[in-house]
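Chains as they are written, first to last, in the working numbering: chain A, 12 to 215; chain B, 18 to 495. No residue lacks a Cβ here, since even glycine has one placed at the ideal position from N, Cα and C. In this text the structure is predicted, and so the values were computed from the model without any measurement. Note sheet for the following structure.
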C-alpha cells in the first residue's frame, strides 16, 4: 500500500469528493506528511483572511460602527484562532481514530488526518469570506459550507475508512456529536474569557 | 380473565399518536409564523390573537403539551403493557386521559389566543385548566401505576422508572407551581410573592424540561432503542445508576434561570453546581444509547427510523453539554436573554425530542396497524430535512446570540454603552430570516411524516396483539 497521497487530492476533493475518498482508501500516509504537506496550509487560511479583513475594515457585527481592534490584539486573536483550528483538526482526527475500533474502521492515523483535512477543506477555502468581516456575510457563506462538509463526513467515512455505509453513518453521527460539543465549548470558553477581561471591552 | 383482556390496548396508542402528529404540525406552524413576525412585525395585521405575545405561548404549549405529552402518553401506554405482560389497567380511564387531554390542549390553546395568561412560562394556562390538567394527570398515573401493579413480570424495566418519574414529578411541580388565588374565570394570582414566585416558577420550569422533555423521552429511548436494535441495552446497570443520579441532581438546577437576579447568591451557585453535575448522568445515558446501537449497525439498512434515534442521541449529547455550560455564571452573564438560549432550547426540542419521537413513530405505527411503512424514501427525505433544519436553526441562533451578548455589553473607554439596543435588534433581521428558513425546512419534514403515517394507517384497523406467555424465570412470584 502506498504511503503518498496525490498532490491534487485536495483540489479533487472539492469537485469529485467521492473519487478523492476512494483514492484515500488506497493509501496509508504518514500523519506528519499529511500535516505539513496539506493540513497546515489550509488551517492557516482562515486566521490569515481574518487578520487581513479585520485590520482593514473592522468586524461588523450588525451595529452601525464596526468593532475595531489594534493590530497587536488582532495578531493575538489570529494566533489563538490558528491554535484552536489546529487543535480542532488534530483532536478530531485522534477521536475519529479512537472511535474507529468501536466501528471496525481502518485505524491508520494518517488516513484519519487526511480524511478530516478533506472534510474541512471547503470550510478553509470558504473562509475567504473573512476578508469581508461582516458577521452576516460570513454566516451566509459558512453555514451552507458547513452543511456540505457534514455531507462529506457522512459520505467519506465509509469509503475512506472501508466500512459499510450503515456503520459509517453511526460513526459520522458520533463525530458530529463531538464537533457540536467542541463548537459550543468554544463559544462558552470565549464568553468566559470576555467576562474575565480578555478580548473586547465589556461592561460586566 | 376474560378473552378480550388478553390483548394489548393499542387503539389508544394509535389515537394518541394521531393527535400528537396533528399538534406537531399545528404548533410548529405557529412557531414558523411567530418567527416570521420577528422578521416582518406587521404581519399580525393589528389582530390581538395574531400577536407575538399570544402566539408564542400557543407555540410552546402546543409543542410541549400537545405534541410532546400525547407522544409520551402513547409510548408509555404502549411500552408499559409490553414490559409488564398485561393489558392496560382501567382502559376506560386511559381513553378518558386521551380525549380529556386533547380537549385541554385545544381549549387551552384557544384561551391563550383570547389572552388568558398566568404569565408563568410553560405554565401560562389559567386556573381552570390547571385543575383539569391535575385531574387528567392523576388519571394517567392511575392507569400507568395500576398496570405496573398488576404486572406479570417481576422486574420493573428501566423505561418504566423514567415514565414513572415523569408522572410523579410533573404532578408535584404542576400542583405546587399552579397554586393561585382566582379572581375571575380568566385571571388568578400566584400564592407566592416576588422572588419566591420566581424560584418556584423556575423549579417548575426547569424540571418540566428535566422530567418531561428529558426524563419522559429517556423512557421512550430505553424502550424503543433496544427494540429497534433488537438487542438489550448496552449496560443495564449504568441505566439504573444514571436514573437515580438524574433524578437526584435535576431537581436542584432551576435557579440557573435566575442568575444575577434578586435571589440569594448561594441559591444561584447551588443551581449552577448541580447543573454542571447533571452532565454526568446525561452523558451516561447518551453513551449507553450510542453503544447499544453501535453493534446493531446492520439494522440501519432496513430501518429508516433508527437514523432519527441515532441523531437524536448526538443532539441530546450537545444539548445536555450546552445547558450545564450556559449555567456557569461567567458564561451566563453574556448568554442570558440572548438568542443563544432559544438556539439551546431548539437543539434539544428539535434535535432531541422531535427526532426521537419521529424515530419512534416510524417504528411504532407500522407495527400498530401491521403494515409496512408507506414510503421509506419519504422517511429518508424527512431525516435529511430534520437534520438540515435543526443545524441551520442552531447555527443562526448561535451567531445571533453571540452578537447580541457582545454588543449589548460593549462599553467604550469612559464606560458608556457603545451600541444602541434598538440598532442591535434591528440588525438581527438576517439571522431571524435564516431561522425562519430553518423552521420551514423542519416543518416541511414533519408534514411529510404526517402524510407518510396517514397513508400507512389509512383503511387499516389496529392489529390485535396477544399478551405473550411469561417466562417463569421472570414472572411475579418466581
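Rounded to a whole number of angstroms, what is the C-alpha to C-alpha distance between residue 32 (chain B) and residue 159 (chain B)? The alpha-carbon atoms of residue 32 (chain B) and residue 159 (chain B) are separated by roughly 20 Å.
How about residue 380 (chain B) and residue 234 (chain B): are their beta carbons less than 8 Å apart? No.
Whole alpha helix (DSSP H) runs in the segment 96-182 of chain B with 4 or more residues, listed along the chain? Taking only runs of at least 4 residues, the alpha helix (DSSP H) segments lying wholly in the segment 96-182 of chain B are 108-130 and 144-166.
Is there a Cβ of chain B sitting closer than 8 Å to that of residue 92 (chain A), yes or no? It does not: the Cβ of residue 92 (chain A) has no partner Cβ on chain B nearer than 8 Å.
Which residues in chain A sit within 7 Å of residue 338 (chain B), going by Cβ to Cβ distance? When 7 Å is used as the limit between beta carbons, residue 338 (chain B) is near these residues of chain A: 192 and 195, in chain order.
For residue 208 (chain A), would you say it is in contact with chain B, using Cβ-to-Cβ distances shorter than 8 Å as the test? Not an interface residue.
Backbone CA spacing between residue 100 (chain B) and residue 84 (chain B) [nearest angstrom]: Distance from the CA of residue 100 (chain B) to the CA of residue 84 (chain B), rounded to the nearest whole angstrom, comes to 24 Å.
Residue-level contact to chain B via CB, residue 170 (chain A), 8 Å cutoff: Not an interface residue.
Consider the Cβ of residue 359 (chain B): report whether some Cβ of chain E lies at a distance smaller than 8 Å. This model lacks chain E altogether, as its protein chains are A and B.
Return the chain-ordered list of same chain residues with a C-beta closer than 7 Å to the C-beta of residue 235 (chain A), the five sequence neighbours on each side being excluded. The question about residue 235 (chain A) has no answer, for chain A in this structure spans 12 to 215.
Which residues in chain A have a C-beta closer than 8 Å to the C-beta of residue 394 (chain B)? List them in chain order. Here the premise fails: no neighbours, minimum Cβ distance about 16 Å.
Based on the DSSP secondary-structure assignment, which residues constitute the bridge partners of residue 197 (chain B)? In DSSP, residue 197 (chain B) forms a bridge with B:207.
Kindly indicate the opening and closing residues of the alpha helix (DSSP H) around residue 66 (chain A). Note, residue 66 (chain A): alpha helix (DSSP H), 51-68.
Can you find the residues in the same chain that come closer than 7 Å, C-beta to C-beta, to residue 389 (chain B), ignoring five residues on each side of it along the sequence? Same-chain partners within the cutoff: 383.
Checking 8 Å against the spacing of the C-beta atoms, do residue 68 (chain B) and residue 140 (chain B) come in under that value? Residue 68 (chain B) places its beta carbon 8 Å or farther from that of residue 140 (chain B).
Give the residues from the segment 136-161 of chain B that approach chain A closer than 7 Å (Cβ to any Cβ), ordered along the chain. Within the segment 136-161 of chain B, no residue has a Cβ that lies closer than 7 Å to any Cβ of chain A.
Please decide whether residue 237 (chain B) counts as near chain A, where near means a Cβ-Cβ distance under 8 Å. Using a Cβ-Cβ cut-off of 8 Å, residue 237 (chain B) does not count as an interface residue toward chain A, since no Cβ of chain A sits closer than that to its own.
List, in order along the chain, the chain B residues whose C-beta lies closer than 8 Å to that of residue 114 (chain A)? Neighbours of residue 114 (chain A) on chain B, chain order: 311 and 314.
Compile a chain-ordered list of the residues in the segment 445-457 of chain B whose CB is closer than 8 Å to at least one CB of chain A. Within the segment 445-457 of chain B, those residues whose Cβ lies closer than 8 Å to any Cβ of chain A are, in chain order, 445, 447, 448 and 451.
What in chain A is Cβ-close to residue 415 (chain B), meaning under 7 Å? Residues of chain A whose Cβ lies closer than 7 Å to the Cβ of residue 415 (chain B) are, in chain order, 198.
Residue 147 (chain A) CB to nearest chain B CB: under 8 Å? Yes, contact with chain B.
Whose C-alpha, out of B:115, B:124 and B:131, is nearest the C-alpha of residue 156 (chain B)? Looking at the Cα atoms, B:115 is the closest of the given residues.
Apply the 10 Å Cβ neighbour rule to residue 23 (chain B) and answer buried if 16 or more other Cβ atoms are within range, or exposed otherwise. It counts as exposed.
Nearest-angstrom Cα distance between residue 199 (chain A) and residue 77 (chain A)? Straight across, the Cα-Cα distance linking residue 199 (chain A) with residue 77 (chain A) is about 23 Å.
Residue range of the alpha helix (DSSP H) that includes residue 298 (chain B): Here the alpha helix (DSSP H) through residue 298 (chain B) covers 296-311.
Give the range of the alpha helix (DSSP H) segment to which residue 238 (chain B) is assigned. Counting along the chain, the alpha helix (DSSP H) containing residue 238 (chain B) begins and ends at 234-246.
Once the 5 residues before and after residue 20 (chain B) are set aside, which same chain residues still bring their CB inside 8 Å of it? Confidence at residue 20 (chain B) is low in this model, with a pLDDT of 44, below 50, so the placement of that residue should be treated as unreliable; the coordinate-derived value is given next. For residue 20 (chain B), where only same-chain residues beyond five positions count, there are no Cβ hits under 8 Å.
Tell me, which residues are paired with residue 24 (chain B) by DSSP? Per DSSP, B:483.
Distance between beta carbons of residue 72 (chain A) and residue 352 (chain B), contact taken as under 8 Å: At roughly 16 Å, the Cβ-Cβ gap does not stay under 8 Å, so residue 352 (chain B) and residue 72 (chain A) are not in contact.
Go through its chain and collect everything with a Cβ distance to residue 146 (chain B)'s Cβ below 8 Å, but skip five positions before and after it. Counting only Cβ-Cβ distances below 8 Å, and skipping sequence neighbours, we find 121, 124, 125 and 128.
Using the Cα positions of residue 446 (chain B) and residue 223 (chain B), report the straight-line distance between them to the nearest angstrom. The alpha-carbon atoms of residue 446 (chain B) and residue 223 (chain B) are separated by roughly 29 Å.
Of the listed residues A:61, A:17 and A:28, nearest to residue 140 (chain A) (C-alpha basis): Put simply, of A:61, A:17 and A:28 the residue whose alpha carbon is nearest the alpha carbon of residue 140 (chain A) is A:61.
Quick check on DSSP: helix, strand or coil for residue 79 (chain B)? Residue 79 (chain B): helix per DSSP, three-state reduction.
Identity of the residue in B:451, B:394 and B:143 nearest residue 201 (chain B) by Cα: The candidate whose alpha carbon is nearest that of residue 201 (chain B) is B:143.
Which first and last residues belong to the alpha helix (DSSP H) in which residue 356 (chain B) is found? Bounds of the alpha helix (DSSP H) holding residue 356 (chain B) are 356-365.
Nearest chain B C-beta to residue 85 (chain A) closer than 8 Å, yes or no? No, its Cβ sits nowhere closer than 8 Å to a Cβ of chain B.
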